[in-house]
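**Q** Take this structure, written in structure tokens, and hold onto it; I'll ask about it next.
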Amino acid sequence: MRLIISVITFISLSLSGYARSEQLIFNSAEFSPFVYEENGKMGGPVTDVILLTCKKINVECSIKQESFSKSEEQVKAGVVNGVYLVSWSESRAEWMYYTLPVLRTSWGFFVPATDKKDYLTLSSFSGQRVGVFGPSSSSKTLDRINPVVNMDIQLSKDDLGNLKKLIQGQLDSVYINRDVGLDLMRQSGLADKVRFAWTHTERNYHIGFSKKTGRKLVNQFNKALRKTYESGEARKILAQRGLESVM
């Protein structure tokens, strides 16, 4: 009888262990329209794509809101499994696995809708009062090119405020992420007052995994992510917010 009970107990424990799904913990910061808080939880189209991918591989995923700098520290240390959204960099590649690109976005210049000028090159913005959120990576980009372009760069901590200054004639153009700018315009009723004039740079965004996460699980996630795009499910989720898929 003891032998039978022991065998049953062993089988029960084995089956419960087999049925238990693996877990992944992600960090992300608000970056609308890509990622944002919804009903006290992290949501948005990229979050939806991640959760759909997790479901396909039977992995339980949780997502925490955290600053990008803190997230980098935690991913590097293996405290969490991943972070999104991240662009590829050689230095991060030393301690981070990158998924396939989940979307493509761009940075460039918005101008008033009344400005009908054709902006063909960067030099088209020479001499303009250009608003940009800063100090930031965007403002640093303008600082690097400004010796050649000669713009009047005006820093602000308010992207929407910059777009409003554009309409009021206090700025000639605004340098901002295109998708962020379009999202702000839609939410604030400015869609007919401002237009995107010129693309300066494009970038792919990925999900970054800690190299302390098992490579097998990362590969499994990546394969499921690709299938999510190939089936059209991910592209449909992104398209609902006007975002561009890479795959």
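Residue numbers (our numbering): 47 to 293.
By construction, the Cβ of each residue, glycine as well, lies at the ideal position given by its N, Cα and C atoms.
Nearest-angstrom Cα distance between S133 and F179?
**A** C-alpha separation (whole angstroms): 19 Å.
**Q** Helix, strand or coil: which one does DSSP assign to P91?
**A** It is helical.
**Q** Quick one: give me the first and last residue of the alpha helix (DSSP H) that G37 is part of.
**A** Shown here, the chain extends from 47 to 293; a query on residue 37 therefore has no answer.
**Q** Check S152 in the structure and name its three-state DSSP category.
**A** Strand, per DSSP.
**Q** Can you give the Cα-Cα distance for Y143 and D161, rounded to whole angstroms?
**A** C-alpha separation (whole angstroms): 44 Å.
**Q** How big is the Cα-Cα spacing for E276 and S291?
**A** Spanning the two alpha carbons is a distance of roughly 11 Å.
**Q** What's the call for P91, buried or exposed, on a 16-neighbour Cβ count within 10 Å?
**A** Its Cβ being crowded by 16 or more others within 10 Å, P91 is buried.
**Q** Of the residues G86, Q216, F255 and S137, which one's Cα is nearest the Cα of D198?
**A** The shortest C-alpha separation from D198 is found at Q216.
**Q** S182: which of D204, S172 and K101 sits nearest, CA to CA?
**A** The shortest Cα separation from S182 among D204, S172 and K101 belongs to D204.
**Q** Using 10 angstroms around the beta-carbon of A243, count the other beta-carbons present and answer buried if the total reaches 16, otherwise exposed.
**A** Buried, since its Cβ has 16 or more Cβ neighbours within 10 Å.
**Q** Would you call T55 buried or exposed, if buried means 16 or more other Cβ atoms sit within 10 Å of its Cβ?
**A** Caution is warranted here: a pLDDT of 40 is assigned to T55, below 50, making its placement in the model unreliable, and no coordinate value can be reported.
**Q** Answer yes or no: the CB of K211 versus the heavy atoms of the ligand GTP, is any distance below 8 Å?
**A** Looking for the ligand GTP in the displayed structure turns up nothing, as the structure carries no ligands at all.
**Q** According to DSSP, is Q286 helix, strand or coil?
**A** Coil.
**Q** Assign Q286 to one of two classes, buried (16 or more other C-beta atoms within 10 Å of its C-beta) or exposed (fewer than that).
**A** By the 10 Å Cβ count, Q286 comes out exposed.
**Q** Go ahead and pull the three-state DSSP assignment for V264.
**A** Residue state, collapsed to three classes: helix.
**Q** Check for me: the alpha helix (DSSP H) holding Q120 runs from which residue to which?
**A** F114 to A123 is the span of the alpha helix (DSSP H), which, as asked, contains Q120.
**Q** Between I191 and the rest of its own chain, which residues show a CB-CB distance below 8 Å, the 5 nearest in sequence each way excluded?
**A** Cβ neighbours of I191 beyond the five flanking positions: L168.
**Q** Are the beta-carbon atoms belonging to L284 and L149 less than 9 Å from one another?
**A** Closer than 9 Å, so yes.
**Q** Give the list of continuous alpha helix (DSSP H) stretches no shorter than 4 residues that lie fully inside the region 148-216.
**A** You should have 183-195 and 205-213.
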